[in-house]
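Counting along the sequence shown from 1, when you hit position 121 you're at 121 in full-length UniProt numbering, and nothing is skipped either side.
The beta-carbon is built from N, C-alpha and C at its ideal position, and this holds for glycine as well.
Predicted, not measured: the structure shown is a model, and the values here were computed from it.
Down below is the structure, laid out as structure tokens.
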Amino acid sequence: MDDQEYTQTKIETKGEIIGYLAISKRNQLTKGYEIDFIEKQQNYLWIIALIAMILVTLVTLPLARHLVGPIKLISRSMHQLTQGDYKQSVQLKRQDELGQMARDYNELALTLAENDSARKRWLANISHELRTPVAILRGELEAMLDNIRPLTKDNIASAHDEVKHLQRLIDDLNLLTSADIGGMRYRKQQENLAQILSSEEDKYRSYLASSGIKLNLNIPHQDVDVYVDKTRLYQLFENIINNCIKYSSSTQLNISLSVEQINNTPSVILTFADNGIGVEDVHLEHLFEHLYRVDASRNRKTGGAGLGLSICRLIVNAHQGEITAEHSPTGGLSIIVKLPLSLT
1 MDDQEYTQTK
11 IETKGEIIGY
21 LAISKRNQLT
31 KGYEIDFIEK
41 QQNYLWIIAL
51 IAMILVTLVT
61 LPLARHLVGP
71 IKLISRSMHQ
81 LTQGDYKQSV
91 QLKRQDELGQ
101 MARDYNELAL
111 TLAENDSARK
121 RWLANISHEL
131 RTPVAILRGE
141 LEAMLDNIRP
151 LTKDNIASAH
161 DEVKHLQRLI
171 DDLNLLTSAD
181 IGGMRYRKQQ
191 ENLAQILSSE
201 EDKYRSYLAS
211 SGIKLNLNIP
221 HQDVDVYVDK
231 TRLYQLFENI
241 INNCIKYSSS
251 TQLNISLSVE
261 QINNTPSVIL
271 TFADNGIGVE
281 DVHLEHLFEH
291 LYRVDASRNR
301 KTGGAGLGLS
311 ICRLIVNAHQ
321 GEITAEHSPT
331 GGLSIIVKLP
341 LSLT
């Protein structure tokens, strides 16, 4: 084939050229065996790619279902949450971050449900408490205008009592709302709690005696220093004592003061324990809620609206303390106030 090109290599022996070795040149890859090798490599690559895609599919589909499924479930539940359905819960038995997210979501839904229930109860109780004295006042005034009841000083005094009850209720509600928005001011300083109680002993003893209740005061002789607003503490003590007078039907009130270690922190324990009728277990954890009343009819007779202990909780919380209710050793109710002891 004359059109072919050759590469020539000399053949020498003893310094003389005796001939040439000619090898034909390949101008195109398709002219030789190289194309067979390339074709086989391409086939192998296609097979490898297909196997890789199958393996990736087998691995990623379950993994995607494992990851995306819980996210979609939480997303749907979150959408329901934004629509006001707080009863949604996500049940994921996992120990990873998605499981923790589901548990946090359930806690959030529960908290929102409780807050929504408290808000509705709060509005219902407020409307009830405001409606009752207004209705009574209106009835008495209309009776006097229609000459059903004579316009006497006693009848006017009865209407005035309802006005005072309504004013007290509005003042307490204003105090609670002010505390919620940070409007309840405190002027704290170092005070000796034992000395504060001792200075008010005669006043509390006389106040309780007028209702047939004996006061027993147990105060240590040592100084019990706390960082408090003394005026707010007086308000706290008076609310608790008023609660005992109005609702406990007790004949004795024991007030004790002690210092204890709580979680390695020195704290002041102030206990108000009466020997009255007490309350059932189901009511203990709700006593400090706004407008919560154990016996609505009895509280109505005494003029209570269930706000005194709520104010007590606000005052104690503002002093970084804790207030709880328990059964009294003498058979009634114990109100326990825990305040941090000042170490300076």
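Here histidine 160 carries a helix assignment [DSSP, helix/strand/coil]. With at least 16 other beta carbons inside 10 angstroms of its own, serine 310 counts as buried. Taking 8 Å as the upper bound for CB-CB distance, threonine 265 and proline 329 are not in contact here, some 25 Å apart. For proline 62, the secondary structure class from DSSP, reduced to helix, strand or coil, is helix. Setting aside the 5 residues that flank it on each side, serine 258 is surrounded in the same chain by Ile269, each with a C-beta closer than 6 Å to its C-beta; the list follows chain order. Per DSSP, glutamine 83 has no beta bridge partner at all. Leucine 287 places its beta carbon less than 7 Å from that of alanine 325. The segment 201-230 is shown to contain whole beta strand (DSSP E) runs of 3 or more residues at 214-218, 225-228, in chain order.
Under DSSP, histidine 327 takes part in a beta bridge, and its partners are Leu333. Take alanine 143, set aside five residues on each side of it, and the residues of its chain with a beta-carbon closer than 6 Å to its own are Arg149, in chain order. Membership of isoleucine 311 in the alpha helix (DSSP H) is indicated by the continuous run 308-318. Beta-bridge partners assigned by DSSP to alanine 22: Gln8. If you look at leucine 284, you'll find it in the alpha helix (DSSP H) that goes 281-284.
Within the same chain, Cβ atoms closer than 7 Å to the Cβ of aspartate 223 are found at Asn192, Ala194, the five residues on either side in sequence being excluded. Burial is judged here by how many other beta carbons sit within 10 angstroms of a residue's own beta carbon; glutamate 280 has fewer than 16 and is exposed. Note that the C-beta distance between serine 248 and aspartate 274 is below 7 Å.
If you compare the alpha carbons of Leu307, Gly331, Ile262, His283 with that of glutamate 322, the shortest gap goes to Ile262. Rounded to whole angstroms, the Cβ separation of isoleucine 245 and leucine 208 is 7 Å, and the two are in contact under 8 Å.
Linking threonine 82 to threonine 271 through their CA atoms gives a straight-line distance of about 44 Å.
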